[in-house]
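Peer 1: Structure in structure tokens, see below.
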Amino acid sequence: MRLADVGPDGGIHLDPAEQTRAAGITSPAARRDFLAGRIALRAFVAGILGVGPGELTAHYSCPDCGTGPELDHGRPGYRMHGAPVGLSLSLSRSGGWVLLAAGSTGVSGVMVGGAVGIDLEHSSGVMFPGFDDVALTSAERQHLLALPPVKVMPWRAAAWARKEALLKARGTGLRIEPSSVEAFAEPADGTVVVDLDTVALGLPAGFAAALAIVEMA
Ligand SMILES: CC(C)(COP(=O)(O)OP(=O)(O)OC[C@H]1O[C@@H](n2cnc3c(N)ncnc32)[C@H](O)[C@@H]1OP(=O)(O)O)[C@@H](O)C(=O)NCCC(=O)NCCS
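In terms of our numbering, the sequence shown has 313 at position 123, counting the first letter as 1, and numbering is strictly consecutive.
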């Protein structure tokens, strides 16, 4: 959905850590986008569970900083009345839009199904000089050389979306060098990465999107 279309509740249901992070974002546009994304994710989860957004407490997890209601970043999660809501969640904002994903983790909060990661990328986000060196493996850089010019930007955006979706599903984010991740390789460990149909999702031209599901032991 468009971040600008997110309901005008002003973030009244957001938690203190979310409000504090928003207050620290100096760019008004970036602050508005952050708040809209968090409001949209909370509404999405509340809708799935059939509860009010105010019944949820954000409970994010970071490999470096731990997990809990005080955490303002990392893998998204929510609790309701102190218990995990049983959903694996992911969010991505790009070019004024937000994409959300949820998967079931079972009632205990143990990830019996899989951890999801989603990423949305506009071609304009992968145009900067040096992108290929930072983001692509050497095999991917070779592959790009063989592409017709018109396909280069869409391919870069698709590759980046697949890498970020995978790294979000794994819970690391960019702590892992993206240039060490093969975007289109067939993972051997049950991991699934799929390109999403951005037209079917109602997105305008120029976006790539991917969803990854990583099996949890
Ligand atoms: C995950 C990451 C790749 C996404 O960045 P991005 O492409 O700029 O932004 P997107 O809009 O696509 O995704 C942002 C969302 O990714 C999710 N996310 C962040 N870290 C995540 C992680 N470790 N695992 C899974 N999802 C994560 C959050 O839902 C975040 O939304 P928020 O801004 O509301 O918190 C990037 O945030 C990252 O690499 N983070 C790890 C490094 C870090 O956070 N360091 C500082 C804290 S120790």
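Virtual Cβ for every residue (Gly too), placed ideally from N, Cα, C.
What are the boundary residues of the beta strand (DSSP E) that LEU310 is part of?
Peer 2: 305-312
Peer 1: Measuring CA to CA, which of GLY293, SER282 and ALA336 is closest to ARG352?
Peer 2: Among GLY293, SER282 and ALA336, the Cα nearest to that of ARG352 is on SER282.
Peer 1: Express the C-alpha separation of LEU310 and ASP223 in angstroms, rounding to a whole number.
Peer 2: 14 Å
Peer 1: Is DSSP giving ASP254 helix, strand or coil here?
Peer 2: coil
Peer 1: Under the three-state reduction of DSSP, which class applies to SER328: helix, strand or coil?
Peer 2: Three-state result, SER328: helix.
Peer 1: Which residue's Cα is closest to the Cα of ALA194: ILE202, GLY214 and ILE229?
Peer 2: Taking only the C-alpha atoms, the option nearest ALA194 is ILE229.
Peer 1: Quick one: what does DSSP say MET343 is sitting in, helix, strand or coil?
Peer 2: helix
Peer 1: Kindly indicate which three-state DSSP category GLY408 falls into: helix, strand or coil?
Peer 2: Residue 408 lies beyond the range of the chain shown here (191 to 407); nothing can be said about it.
Peer 1: Would you say the beta carbon of ASP322 is closer than 7 Å to some non-hydrogen atom of ligand 1?
Peer 2: no
Peer 1: With H, G and I counted as helix, E and B as strand and the rest as coil, what does DSSP make of THR210?
Peer 2: helix
Peer 1: Counting only the same chain and skipping the five closest in sequence on each side, list residues whose C-beta sits under 6 Å from that of SER280.
Peer 2: ALA291, VAL306, GLY307, ILE308 and LYS358
Peer 1: Mind reading off the beta-carbon distance from ALA233 to GLY267? Whole number of angstroms is fine, and I expect it under 8 Å.
Peer 2: 16 Å between Cβ atoms; not a contact.
Peer 1: Secondary structure at GLY315, three-state DSSP: helix, strand or coil?
Peer 2: Collapsing the DSSP output to three states places GLY315 in a helix.
Peer 1: Just the Cα atoms here: how many angstroms apart are GLU372 and PHE318?
Peer 2: 20 Å
Peer 1: Let me check understanding here. Comparing Cα to Cα, which of THR388, ALA400, ALA375 and PRO243 lies closest to ALA355?
Peer 2: Comparing alpha carbon positions, the residue from THR388, ALA400, ALA375 and PRO243 closest to ALA355 is ALA400.
Peer 1: Enumerate in chain order the residues of its own chain whose CB-to-CB distance from MET343 is below 6 Å, with the five nearest sequence positions on each side excluded.
Peer 2: SER313
Peer 1: For the beta strand (DSSP E) that contains PHE397, what are its first and last residues?
Peer 2: 397-404
Peer 1: Which residue from GLY242, ILE238, ALA248 and ALA236 puts its Cα closest to that of ARG211?
Peer 2: ALA248
Peer 1: Does DSSP put GLY293 in a helix, in a strand, or in coil?
Peer 2: strand
Peer 1: Pairs of beta-carbons, one from the region 268-279 and one from the region 241-258, closer than 8 Å: are there three or more?
Peer 2: yes
Peer 1: Identify the continuous alpha helix (DSSP H) that holds ASP223 and give its terminal residues.
Peer 2: Looking at the DSSP string, the run of the alpha helix (DSSP H) that includes ASP223 is 218-239.
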